[in-house]
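The structure under discussion appears below in the form of structure tokens.
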Amino acid sequence: MAKRRAPSEFIVERDEYKCIRCLACVRMCSYEANFYDERENMVFTDNSKCVGCHFCEAICPTDAIRVIHNPLAIKQNAHWTGEVVSDIIKQAETGGVLLASMGNDKQHFSYFDRIILNASQVTNPSIDPLREPMEIRTFIGRKPESVDLEVENGSVLLKTEITPQLKLEVPIMFSAMSYGSISLNACKSLAKAAQMMGTFFNTGEGGLHKDLRQYGANMIVQCASGRFGVDMEYLNAGAAIEIKIGQGAKPGIGGHLPGEKVTEPISETRMIPVGTDAISPAPHHDIYSIEDLRQLIYALKEATRYEKPVGVKISAVHNVAPIASGIVRAGADFVVIDGIRGGTGATPKVIRDNVGIPIELAIAVVDQRLRDEGIRHLASIVVAGGIRNSADVIKAIALGADAVYIGTAALVSLGCHLCQKCYTGKCNWGIATQDPKLVKRLNPEIGARRAANLLRAWALEIKEMLGGMGINAIESLRGNRDQLRGVGLSEYELKLLGIKPAGEAW
Amino acid sequence: MGCRLCEIHCITAHSKSKNIIKVFRYEVPQPVPSVIVEEKEYTTFAIQCRHCEDAPCIQACITGAMHRDPDTNAVHVDHEKCVGCWMCIMVCPFGAIQRGTVEKKVASKCDLCVDREIPACVENCPNEALVLVEVSE
Amino acid sequence: MMRYVIIGAGPAGLAAVEAIREVDVEGEIALLTMEDVPAYSKPLITYLLGKKVQEKNMLYRTREFFDEHRVEVRTGAEVVRVDTDSNMVYLKNGESLSYDRLLIATGGAPFKPPIEGLEKEGVFTFTRWCDEKDMAEYIERNGVHEAVVLGGGLIGLKTTEALMELGIKVHIVELADRILAATFDKKASEIITRALEREGCEVHTNDTVVQVKGGKRISRVILKSGKEIKTRLLVVAIGVTPNVGFLRDSGVRLGRRGIMVDDRMRTSISNIYAAGDCTEVLDESTGEWRTIAIWPIASAQGKVAGYNMAGREVRYQGGIPMNSVELAGIPTISVGCTNVEGDDVEILKYEDPSSSVYKKLVIKNNKLIGAVFVGDIDRAGIYTGLITHGVDVSTFKDALLDEGFGLIYLPKEYRKKLIEGELKVWLE
Chain A
86 MAKRRAPSEF IVERDEYKCI RCLACVRMCS YEANFYDERE NMVFTDNSKC VGCHFCEAIC
146 PTDAIRVIHN PLAIKQNAHW TGEVVSDIIK QAETGGVLLA SMGNDKQHFS YFDRIILNAS
206 QVTNPSIDPL REPMEIRTFI GRKPESVDLE VENGSVLLKT EITPQLKLEV PIMFSAMSYG
266 SISLNACKSL AKAAQMMGTF FNTGEGGLHK DLRQYGANMI VQCASGRFGV DMEYLNAGAA
326 IEIKIGQGAK PGIGGHLPGE KVTEPISETR MIPVGTDAIS PAPHHDIYSI EDLRQLIYAL
386 KEATRYEKPV GVKISAVHNV APIASGIVRA GADFVVIDGI RGGTGATPKV IRDNVGIPIE
446 LAIAVVDQRL RDEGIRHLAS IVVAGGIRNS ADVIKAIALG ADAVYIGTAA LVSLGCHLCQ
506 KCYTGKCNWG IATQDPKLVK RLNPEIGARR AANLLRAWAL EIKEMLGGMG INAIESLRGN
566 RDQLRGVGLS EYELKLLGIK PAGEAW
Chain B
259 MGCRLCEIHC ITAHSKSKNI IKVFRYEVPQ PVPSVIVEEK EYTTFAIQCR HCEDAPCIQA
319 CITGAMHRDP DTNAVHVDHE KCVGCWMCIM VCPFGAIQRG TVEKKVASKC DLCVDREIPA
379 CVENCPNEAL VLVEVSE
Chain C
0 MMRYVIIGAG PAGLAAVEAI REVDVEGEIA LLTMEDVPAY SKPLITYLLG KKVQEKNMLY
60 RTREFFDEHR VEVRTGAEVV RVDTDSNMVY LKNGESLSYD RLLIATGGAP FKPPIEGLEK
120 EGVFTFTRWC DEKDMAEYIE RNGVHEAVVL GGGLIGLKTT EALMELGIKV HIVELADRIL
180 AATFDKKASE IITRALEREG CEVHTNDTVV QVKGGKRISR VILKSGKEIK TRLLVVAIGV
240 TPNVGFLRDS GVRLGRRGIM VDDRMRTSIS NIYAAGDCTE VLDESTGEWR TIAIWPIASA
300 QGKVAGYNMA GREVRYQGGI PMNSVELAGI PTISVGCTNV EGDDVEILKY EDPSSSVYKK
360 LVIKNNKLIG AVFVGDIDRA GIYTGLITHG VDVSTFKDAL LDEGFGLIYL PKEYRKKLIE
420 GELKVWLE
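Top to bottom, those sequences are chains A, B and C. At position 222 of the first sequence the residue is numbered 307 (the numbering used here), and the sequence of numbers has no breaks. At position 125 of the second sequence the residue is numbered 383 (the numbering used here), and the sequence of numbers has no breaks. At position 24 of the third sequence the residue is numbered 23 (the numbering used here), and the sequence of numbers has no breaks.
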């Protein structure tokens with residue numbers, strides 16, 4: 086008998102003494118893992134249904150529940166890991182493509198963890214951010230070759246005409262997550278947090294829900310291969326436009342929102358009939374070259390009277406540097422690069438885990454390439470894909486980014502517990518779901534407060550780290566790779582990253 | 259969102275032991291929750307005494323047990339006076355008053371947790387759906 | 000400065016005091032009551048007799064209430080005549096008072112039928128605290144073990160319950176074919192009858208007392224059916240009539256029984272108002288003008304009268320008969336028309352005989368017009384609201400008796416009005 090079932094990934098343990106049979110865990114689990122037996126007067130769990138989202142644990146008023154990981158008990162080794170074996174069992178059962186959500190979760194792709202920062206000692210004084218001004222405001226957009234100034238009666242006037250810019254009070258934005266992939270309450274939370282913190286959120290390829298219009302000044306609208314929800318009103322609704330070519334979690338792959346998720350409000354914002362599949366093709370069918378891309382960029386600029394910056398988002402692949410160069414030359418005001426750890430609502434697991442390159446390398450090579458070609462000032466670089474904390478932000482900027490996008494980190498601030506089951510649409514935390522009953526669980530007021538808190542905290546930490554390096558403006562850190570050192574990296578990796586190994590002085 | 263934790267915490271706050279586990283394990287009868295969660299399809303809400311300006315329960319009370327606190331303007335039941343005629347239950351259009359279980363003949367309703375700074379239901383609502391709002395005239 | 004005189008210290012009189020003071024902080028208010036204490040709760044006398052309430056809790060408004068509202072209270076002040084020409088009120092003790100605005104809130108007096116021997120010692124009516132004192136003392140002194148209660152209405156039954164609490168065996172004698180005929184439907188009567196019988200009470204329907212036998216004191220009663228019951232106590236509780244005898248020749252117009260009032264609770268004399276059980280009001284459930292002797296209506300009318308007396312013009316919207324009572328441990332509520340039948344009437348029912356739970360709703364023209372709850376009265380007020388405010392129930396009719404029925408089923412606009420406190424018993 087070869088038949089077997091992948092063992093439950095989690096076990097829900099219930100403290101019998103503490104359980105008061107309030108049944109909150111039963112009522113709240115969208116996967117229906119918890120159930121009550123009246124005769125026994127006991128609450129039980131079908132562990133095979135548990136996804137490990139920890140909602141029941143969080144809601145239990147007596148702290149009676151522990152959701153614990155259930156490691157695969159069969160003999161494993163470093164090569165045949167539990168994950169690999171479980172995947173095989175699942176595929177032997179279903180014969181289908183394994184779906185996954187969020188980003189690549191493999192440790193060995195992380196360079197951030199092998200890069201460390203510098204601090205000032207004796208010869209170059211550090212700065213105390215509590216006592217001295219620290220500038221982390223960032224402008225996204227094309228910068229002029231040079232600036233003409235005129236001094237008149239003691240005040241300085243800028244004579245050069247500056248193309249439109251996005252002003253970020255913190256160099257962190259919320260990355261593209263469509264209304265559809267996440268709930269409206271999640272969108273509202275991020276939109277409001279962006280407004281509170283003076284930064285931006287991104288509509289993703291989901292069109293624009295009317296409730297989000299009011300956040301236009303803090304919104305980047307996305308134009309992707311499906312062109313869902315795109316019309317003149319949409320293009321002009323935000324502060325900038327982002328053309329999406331690729332996504333780190335699924336380079337070379339399109340998107341597919343199944344018809345059952347295209348509800349009335351989603352159909353309205355995406356401008357497609359209720360119940361039809363929303364398919365975003367893998368390529369833009371009108372873009373097969375940089376020249377084609379240039380046409381779209383300028384079409385969008387025309388459509389918005391050259392009042393809004395237009396950017397292009399690609400996933401970080403082997404050729405990322407020359408492609409980025411082409412994008413800048415095509416007229417983009419900013420380039421977004423999404424690394425292999427970038428997240429998604431749903432992607433084939435094999436693609437998520439194996440396609441693309443780590444963002445750290447991509448930043449370094451793109452920044453270097455644009456500098457070498459003398460076009461770095463023509464566009465800002467925004468990077469995304471697995472940014473977890475302020476240290477990642479500061480390392481990304483030191484490697485050459487202007488700003489970062491965060492997706493997963495933002496969702497975690499809204500309650501996401503990384504169960505990676507976004508694709509089921511049954512997110513208990515009200516984030517990756519359209520079920521009105523579940524969506525309600527995310528109060529946008531709370532969400533906004535928490536997401537804004539996260540940015541506030543990171544901003545404080547960034548200032549601390551800048552001060553430690555003796556730098557008082559984030560501008561001075563951008564591409565300042567001397568502040569970085571690598572640990573345990575090969576010479577060639579160090580060369581690509583443009584950093585010295587730890588231990589080597591300036 | 260329908261977790262009904264407000265009811266649980268209301269019961270606990272009005273129990274003898276005030277200990278959530280002990281109330282449910284040992285206290286018989288348990289107090290009735292004075293916040294009631296209603297659910298229908300995708301809608302859920304919690305209803306409790308509105309402390310109406312023109313409170314019909316006060317007008318209907320034959321004992322004077324139902325009264326308005328002159329300081330807070332909240333509507334309270336004097337448990338010593340109430341005889342359980344249930345006139346208040348008959349006239350409350352919100353259905354926010356119930357027959358008590360601990361003191362059998364006494365009406366039970368939201369007292370805004372007079373002993374606490376913040377009502378238990380408000381303090382413990384995981385989604386901040388319940389808020390205490392003071393309305394000034 | 001306006002001088003207000005209020006006759007009667009029941010819920011109507013006191014609600015009027017509150018209303019007047021809301022509008023007029025200066026005027027003088029004199030409150031006259033024939034009782035020895037003001038503001039005691041008449042319904043509580045049965046609880047007092049049954050020792051379920053202490054004497055100190057008989058007052059539903061305390062002394063401070065009158066101080067706060069600056070009311071001059073006169074107890075033991077029985078009004079014998081009102082002179083509407085000179086605006087004077089004359090008391091039994093010879094005193095007189097003048098008024099600018101007069102409120103008559105004298106309530107009802109028990110009705111005594113012409114039965115032979117009714118004057119004997121041991122025959123009581125039971126509507127006042129003094130009745131309770133006398134009866135309790137009589138029971139104690141004579142060691143009463145068996146009693147007859149004539150009248151199976153609310154007062155009769157609550158008295159029965161109190162007597163049973165004292166260990167007395169009670170016979171209820173009711174002229175109609177069932178007890179509670181005026182307030183509850185057949186099924187509810189049946190459930191209550193059975194519960195009373197279980198507790199040792201005997202119920203004699205289609206019968207009445209025709210003769211009271213004994214010497215100076217009652218020793219037995221003879222019923223129409225020929226039955227004879229040995230008893231030392233007879234309580235006559237066959238109803239109350241508006242207490243309006245002192246208005247004879249005053250010019251205040253009376254209806255069939257009570258004082259006629261308009262929707263501002265004003266009588267035929269422009270500065271005289273009336274409220275409570277002594278009036279005839281519009282019964283919204285039938286469209287008839289009649290006396291509805293219930294507490295909430297008395298309160299509401301008193302309030303309306305008070306506002307109008309003090310110059311704030313509000314109009315009473317009419318009331319609906321309703322009652323709530325717990326008998327033999329079974330809570331029971333009845334609202335509106337519960338005894339109607341006909342093609343245009345739809346009846347919804349829920350019954351659980353094992354727990355004496357019975358619910359009935361009466362719907363006419365898509366509106367709820369009556370409701371009966373026996374055994375389970377949870378959230379009954381929601382239905383009362385639907386009846387009083389004439390809400391169209393057609394869209395959620397099927398859910399009305401569902402277990403989880405609640406506000407969530409009601410139309411949004413209605414809910415909003417409720418929450419914003421827009422639905423009042425009067426209109427500005």
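Note that CB positions come from ideal geometry on N, CA and C, so glycine has one too.
Next item on the list: Give the straight-line distance between the Cα atoms of valine 97 (chain A) and cysteine 135 (chain A), rounded to the nearest whole angstrom.
Entry: Mapped onto the first sequence, residue 97 (chain A) falls at position 12. Mapped onto the first sequence, residue 135 (chain A) falls at position 50. Roughly 8 Å between the two C-alpha positions.
Note to self: I want to check one thing, is the minimum distance from the CB of glycine 459 (chain A) to the heavy atoms of the ligand SAH below 7 Å?
What the structure shows: Looking for the ligand SAH in the displayed structure turns up nothing, as the structure carries no ligands at all.
Next item on the list: Kindly list, in the order they appear in chain A, the residues whose Cβ is closer than 8 Å to that of leucine 263 (chain B).
Entry: Here residue 263 (chain B) is taken as the residue at index 5 of the second sequence, counted from 1. Under the 8 Å cutoff, chain A gives Cys107, Ala109, Ile144, Pro146.
Notebook entry, point to check: Which residues mark the beginning and the end of the beta strand (DSSP E) in which tyrosine 116 (chain A) is found?
Noted result: Mapped onto the first sequence, residue 116 (chain A) falls at position 31. From DSSP, tyrosine 116 (chain A) is part of no beta strand (DSSP E); its letter is neither H nor E.
Notebook entry, point to check: Ends of the alpha helix (DSSP H) at valine 234 (chain C)?
Noted result: If you number the third sequence from 1, residue 234 (chain C) lands on position 235. Bounds of any alpha helix (DSSP H) do not take in valine 234 (chain C); it lies within the beta strand (DSSP E) bounded by 233-235.
Check: Using the beta-carbon of each residue, which ones in chain C are nearer than 8 Å to arginine 326 (chain B)?
Finding: Within the second sequence, residue 326 (chain B) is the residue found at index 68, counting from 1. Think of a sphere of 8 Å around the beta carbon of arginine 326 (chain B): no beta carbon from chain C falls inside it, the nearest being about 11 Å out.
Notebook entry, point to check: cysteine 471 (chain C): buried (16+ other C-beta within 10 angstroms of its C-beta) or exposed?
Noted result: Missing from the structure shown is residue 471 (chain C); chain C here goes from 0 to 427 and no further.
Next item on the list: Identify whether glycine 552 (chain A) lies in helix, strand or coil by the three-state DSSP scheme.
Entry: On the first sequence, position 467 is the one that residue 552 (chain A) refers to. Three-state DSSP puts glycine 552 (chain A) in a helix.
Next item on the list: Using only alpha-carbon positions, find the residue among C:Gly420, C:Gly405, C:Leu426, C:Thr240 that is nearest to valine 295 (chain B).
Entry: Taking the second sequence and counting its residues from 1, one reaches residue 295 (chain B) at position 37. The shortest Cα separation from valine 295 (chain B) among C:Gly420, C:Gly405, C:Leu426, C:Thr240 belongs to C:Gly405.
Next item on the list: List the whole-angstrom C-beta distance separating methionine 262 (chain A) from glycine 492 (chain A), where the pair is believed to meet the contact cut-off of C-beta under 8 Å.
Entry: Position 177 of the first sequence, counted from the first residue, corresponds to residue 262 (chain A). Position 407 of the first sequence, counted from the first residue, corresponds to residue 492 (chain A). About 6 Å; that satisfies the 8 Å criterion.
Notebook entry, point to check: Per DSSP, histidine 272 (chain B) is paired with what?
Noted result: Here residue 272 (chain B) refers to the residue found at position 14 when the second sequence is read from its first residue. Here histidine 272 (chain B) is not bridged, per DSSP, to any residue.
Item checked: Opening and closing residue of the alpha helix (DSSP H) in which glutamine 519 (chain A) lies -> Sequence index remark: in the first sequence, residue 519 (chain A) carries index 434 (1-based). For glutamine 519 (chain A), there is no enclosing alpha helix (DSSP H), as DSSP gives it neither H nor E.
Next item on the list: Measure from the alpha carbon of serine 267 (chain C) to the alpha carbon of each residue in C:Ala327, C:Leu101, C:Asn92, C:Ala11, then state which is nearest.
Entry: Here residue 267 (chain C) refers to the residue found at position 268 of the third sequence. Comparing Cα positions, the closest option is C:Leu101.
Checklist line | the stretch 167-176 of chain A in contact with the stretch 410-423 of chain A per 3-pair CB rule at 8 Å | finding: Flag = no, the stretch 167-176 of chain A and the stretch 410-423 of chain A do not touch.
Checklist line | Residues near valine 440 (chain A) by beta carbon distance below 6 Å, same chain, minus five either side | finding: Mapped onto the first sequence, residue 440 (chain A) falls at position 355. For valine 440 (chain A), the CB contacts under 6 Å within the same chain, skipping 5 residues up- and downstream, are Pro336 in chain order.
Item checked: Unbroken alpha helix (DSSP H) run spanning aspartate 172 (chain A), endpoints -> One-based indexing of the first sequence puts residue 172 (chain A) at position 87. Aspartate 172 (chain A) -> alpha helix (DSSP H) spans 167-179.
Notebook entry, point to check: In this structure, what does DSSP give as the bridge partners for isoleucine 210 (chain C)?
Noted result: Here residue 210 (chain C) is taken as the residue at index 211 of the third sequence, counted from 1. The question names isoleucine, yet the displayed sequence has glutamine at residue 210 (chain C). Paired residues: C:Glu115, C:Ile221.
Check: Residues bridged to glycine 250 (chain C) by DSSP?
Finding: Position 251 of the third sequence, counted from the first residue, corresponds to residue 250 (chain C). According to the DSSP secondary-structure assignment, glycine 250 (chain C) is paired through a beta bridge with no residue.
Checklist line | Enclosing alpha helix (DSSP H) for leucine 581 (chain A) [first to last residue] | finding: Residue mapping note: residue 581 (chain A) aligns to position 496 of the first sequence, counting from 1. Segment 576-582, the alpha helix (DSSP H) holding leucine 581 (chain A).
Next item on the list: Starting from asparagine 439 (chain A), trace the alpha helix (DSSP H) both ways and give me its first and last residue.
Entry: Sequence index remark: in the first sequence, residue 439 (chain A) carries index 354 (1-based). Unbroken alpha helix (DSSP H) run through asparagine 439 (chain A): 434-439.
Notebook entry, point to check: Is DSSP giving tryptophan 543 (chain A) helix, strand or coil here?
Noted result: Your numbering for residue 543 (chain A) matches position 458 in the first sequence. The answer is helix: DSSP assigns tryptophan 543 (chain A) an H, G or I state.
Checklist line | Short Cβ contact (8 Å threshold) for proline 291 (chain B) with serine 273 (chain B) | finding: As a position in the second sequence, residue 291 (chain B) is number 33, starting the count at 1. As a position in the second sequence, residue 273 (chain B) is number 15, starting the count at 1. Contact flag unset, no.
Next item on the list: Just the chain C side, please: which residues come within less than 7 Å of cysteine 307 (chain B) by C-beta, in chain order?
Entry: For the purposes of this step, residue 307 (chain B) is identified with residue 49 of the second sequence, where counting begins at 1. Chain C residues near cysteine 307 (chain B): none, gap ~11 Å exceeds 7 Å.
Margin query: Let me confirm a value: arginine 526 (chain A) is counted as buried when at least 16 other C-beta atoms fall within 10 Å, else exposed. Which label applies?
Written below: One-based indexing of the first sequence puts residue 526 (chain A) at position 441. So arginine 526 (chain A) ends up on the buried side.
Notebook entry, point to check: In chain order, what residues of the same chain lie with their CB nearer than 8 Å to the CB of arginine 566 (chain A), ignoring the 5 residues before and after it?
Noted result: Here residue 566 (chain A) is taken as the residue at index 481 of the first sequence, counted from 1. Excluding sequence neighbours, arginine 566 (chain A) sits near Ala449, Ala483, Leu484, Gly485, Leu582, Gly583, Ile584.
Notebook entry, point to check: In chain B, which residues lie less than 9 Å from glutamate 530 (chain A) when you measure between Cβ atoms?
Noted result: Along the first sequence, one-based indexing puts residue 530 (chain A) at 445. Here the neighbours are Glu386.
Margin query: Using the Cβ count rule (16 or more neighbours within 10 Å means buried), how would you classify lysine 157 (chain C)?
Written below: Mapped onto the third sequence, residue 157 (chain C) falls at position 158. Classification of lysine 157 (chain C): buried, given that the 10 Å Cβ count is 16 or more.
Margin query: Quick check on proline 521 (chain A) - is its C-beta less than 8 Å from some C-beta in chain B?
Written below: For this step, residue 521 (chain A) is matched to residue 436 along the first sequence. Contact with chain B is found for proline 521 (chain A), since one of that chain's Cβ atoms lies less than 8 Å from the residue's Cβ.
Check: Under a three-way DSSP split, which group does leucine 102 (chain C) fall into?
Finding: As a position in the third sequence, residue 102 (chain C) is number 103, starting the count at 1. It is a strand residue.
Next item on the list: Mind listing, in chain order, the continuous alpha helix (DSSP H) runs of no fewer than 4 residues lying wholly within the stretch 264-316 of chain C?
Entry: As summarised for the stretch 264-316 of chain C, the continuous alpha helix (DSSP H) elements at least 4 residues long and confined to that stretch are 294-309, given in chain order.
Next item on the list: Report yes or no: is there a C-beta of chain A within less than 8 Å of the C-beta of phenylalanine 282 (chain B)?
Entry: For the purposes of this step, residue 282 (chain B) is taken as the residue at position 24 of the second sequence. With 8 Å as the cut-off, phenylalanine 282 (chain B) counts as an interface residue toward chain A.
Margin query: Tell me the DSSP secondary structure of asparagine 287 (chain A) in three-state form.
Written below: By 1-based counting over the first sequence, the position of residue 287 (chain A) is 202. Shown here, asparagine 287 (chain A) sits in a strand according to DSSP, grouped into three states.
Next item on the list: Please name the residues in the stretch 40-54 of chain C whose beta-carbon is closer than 9 Å to at least one beta-carbon of chain B, in chain order.
Entry: Here the close residues are Ser40, Lys41, Pro42, Leu43, Tyr46, Lys51, Val52, Gln53.
Note to self: Distance check for glutamate 312 (chain C) and glutamate 17 (chain C), CA to CA, integer angstroms please.
What the structure shows: Start at 1 with the first residue of the third sequence, and residue 17 (chain C) comes out as number 18. Start at 1 with the first residue of the third sequence, and residue 312 (chain C) comes out as number 313. CA-to-CA, the gap between glutamate 17 (chain C) and glutamate 312 (chain C) works out to about 15 Å.
Notebook entry, point to check: Looking only at its own chain, which residues have a Cβ that is under 6 Å from the Cβ of glutamate 131 (chain C), when we skip the five neighbours before and after it?
Noted result: Locating residue 131 (chain C) in the third sequence gives position 132, where the first residue counts as 1. Closer than 6 Å at Cβ, skipping near neighbours: Ile44, Leu47, Leu48.
Check: Considering only residues of the same chain and omitting the five flanking positions on each side of serine 93 (chain A), which have a CB-CB separation below 6 Å?
Finding: Residue 93 (chain A) sits at position 8 when you count from the first residue of the first sequence. For serine 93 (chain A), where only same-chain residues beyond five positions count, the Cβ hits under 6 Å are Asn132, Ser133, Asn155.
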